[in-house]
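Enquirer:
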Amino acid sequence: MNEPSVSVKNLTKSFSGRRVVDNLSFDVQKGEVFALLGHNGAGKSTTIDLILGLKAPEEGFAKILGTNAAKNRKKVFEKVGVQLQNTQYQPNITVEEACIEYASLYSAPADYRQLLEQFGLIAFKNSFVSKLSGGERQKLSVVLALIGGPEIVFLDELTTGLDVVARREVWRTLKQLKERGLTIFLTTHYMEEAEALCDRVCIIKSGKKVAEGTIDEIITASGQRNLEDAYLFFMGEEELL
Numbered sequence: 008m009n010e011p012s013v014s015v016k017n018l019t020k021s022f023s024g025r026r027v028v029d030n031l032s033f034d035v036q037k038g039e040v041f042a043l044l045g046h047n048g049a050g051k052s053t054t055i056d057l058i059l060g061l062k063a064p065e066e067g068f069a070k071i072l073g074t075n076a077a078k079n080r081k082k083v084f085e086k087v088g089v090q091l092q093n094t095q096y097q098p099n100i101t102v103e104e105a106c107i108e109y110a111s112l113y114s115a116p117a118d119y120r121q122l123l124e125q126f127g128l129i130a131f132k133n134s135f136v137s138k139l140s141g142g143e144r145q146k147l148s149v150v151l152a153l154i155g156g157p158e159i160v161f162l163d164e165l166t167t168g169l170d171v172v173a174r175r176e177v178w179r180t181l182k183q184l185k186e187r188g189l190t191i192f193l194t195t196h197y198m199e200e201a202e203a204l205c206d207r208v209c210i211i212k213s214g215k216k217v218a219e220g221t222i223d224e225i226i227t228a229s230g231q232r233n234l235e236d237a238y239l240f241f242m243g244e245e246e247l248l
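Each residue of the sequence shown is one higher than the one before, starting from 8 at the first, in the numbering used here.
1. Below 8 Å, can you find three or more Cβ-Cβ pairs linking the stretch 53 to 61 to the stretch 70 to 83?
2. Using the three-state DSSP reduction, which class does Gln125 fall into: helix, strand or coil?
3. CA-CA distance, Leu234 and Gln121?
4. Leu247 to Asn99, Cα distance in whole Å?
5. Hey, how far is the Cα of Phe192 from the Cα of Phe41?
6. If you follow the alpha helix (DSSP H) that Lys81 is in, where does it begin and where does it stop?
7. Looking at C-alpha atoms only, which residue of Thr53, Ser32, Thr19 and Tyr113 is the closest neighbour of Ala218?
8. Please state whether the Cβ-Cβ distance between Ser134 and Ala173 is less than 8 Å.
9. Quick one: is Glu39 buried, meaning 16 or more other Cβ sit within 10 Å of its Cβ, or exposed?
10. Could you tell me which whole alpha helix (DSSP H) segments of length 4 or greater appear in the stretch 164 to 204?
11. Kindly list the residues whose CB is nearer than 7 Å to the CB of Gly188, restricted to its own chain and excluding five residues on each side of it in sequence; keep chain order.
12. Could you check if Arg179 is buried or exposed, using at least 16 other CB atoms within 10 Å of its CB as the buried criterion?
13. When we look at the beta-carbon of Gly214 and count the other beta-carbons within 10 Å, is it buried (16 or more) or exposed?
14. Is the beta carbon of Leu165 less than 8 Å from the beta carbon of Val150?
15. By the three-class DSSP mapping on this structure, what secondary structure does Asp223 have?
16. In chain order, what residues of the same chain have a beta carbon less than 8 Å from the beta carbon of Gly67, not counting five sequence neighbours either side?
17. Return the CA-CA distance between Gly243 and Gly168, expressed in angstroms with no decimal places.
18. To the nearest angstrom, how far is it from the Cα of Tyr5 to the Cα of Thr227?
19. Judging by CA-CA distance, which residue of Ala110, Val27 and Gln36 is the nearest neighbour of Ser12?
20. Take Ile159 and list the residues in its own chain whose beta-carbon comes closer than 6 Å to its own, dropping the five residues that flank it on each side.
The following block contains the structure:
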């Protein structure tokens with residue numbers, strides 16, 4: 008088997024004496040859509056930060072495309088696209104200006120106009136980012152993550168706060184990326200989203216892995232009817248069904 012796109016081994020991180028990520032291990036294979044599932048505060052965003060080298064683990068390690076991101080930031084940067092949960096834009100920047108700014112960071116960037124066209128945003132290129140709808144802004148964050156021509160993209164809670172229509176628009180965007188063979192690592196607490204998009208998922212509770220596998224494997228292991236019920240089962244909340 009080829010080397011995983013992401014390899015996480017015994018990753019551990021604490022804040023103020025509380026373990027946010029607790030001995031976490033999993034692999035993400037090339038070309039798959041992989042989701043880290045868990046409640047708010049379960050450790051999903053911290054795990055991404057540890058993988059990307061934005062935070063240092065107390066124990067364990069993480070590699071992206073066989074490389075430690077913290078030790079080889081430039082090498083990893085050229086191959087990875089990232090949309091973090093609280094992406095901030097400069098005030099009064101237009102969509103096109105944001106794309107030009109991101110493109111300037113790479114030696115051989117993709118054509119941002121083609122990306123804007125692909126994701127239905129070309130008509131907004133002269134619009135201020137602050138004036139975009141939630142769904143349009145999230146699609147822009149995916150475009151910006153793709154400008155460097157990455158081999159893998161990290162999408163952290165991409166559809167949180169979006170209405171149903173906007174969420175479905177973003178899903179269509181992600182399915183296009185999946186069809187291109189891009190490796191996608193996402194975090195979400197929407198089970199319907201994971202079921203619609205993912206090849207495999209890892210469920211974490213208080214930073215610990217409680218289940219991992221394909222959607223069917225997770226459902227079968229739980230003895231439940233669907234992923235949402237299986238999720239509640241593994242989180243110890245099946246009594247709420």
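Just so you know, even glycine gets a beta-carbon here, dropped at the ideal spot from N, CA and C.
Expert: The relevant details are as follows:
1. yes
2. helix
3. 36 Å
4. For Leu247, the predicted structure reports a pLDDT of 43, less than 50, and the residue's modelled location is therefore unreliable. A value from the coordinates is still provided. Using only the alpha carbons, I get a separation of about 46 Å.
5. 5 Å
6. Arg80 to Phe84
7. Ser32
8. no
9. buried
10. 171 to 186 and 198 to 204
11. Gly38
12. exposed
13. buried
14. no
15. helix
16. Val15, Lys16, Asn17, Leu18, Thr19, Asn30, Leu31 and Ser32
17. 25 Å
18. Here the chain comprises residues numbered 8 to 248, so residue 5 is not present and cannot be evaluated.
19. Gln36
20. Ser12, Val87 and Thr190
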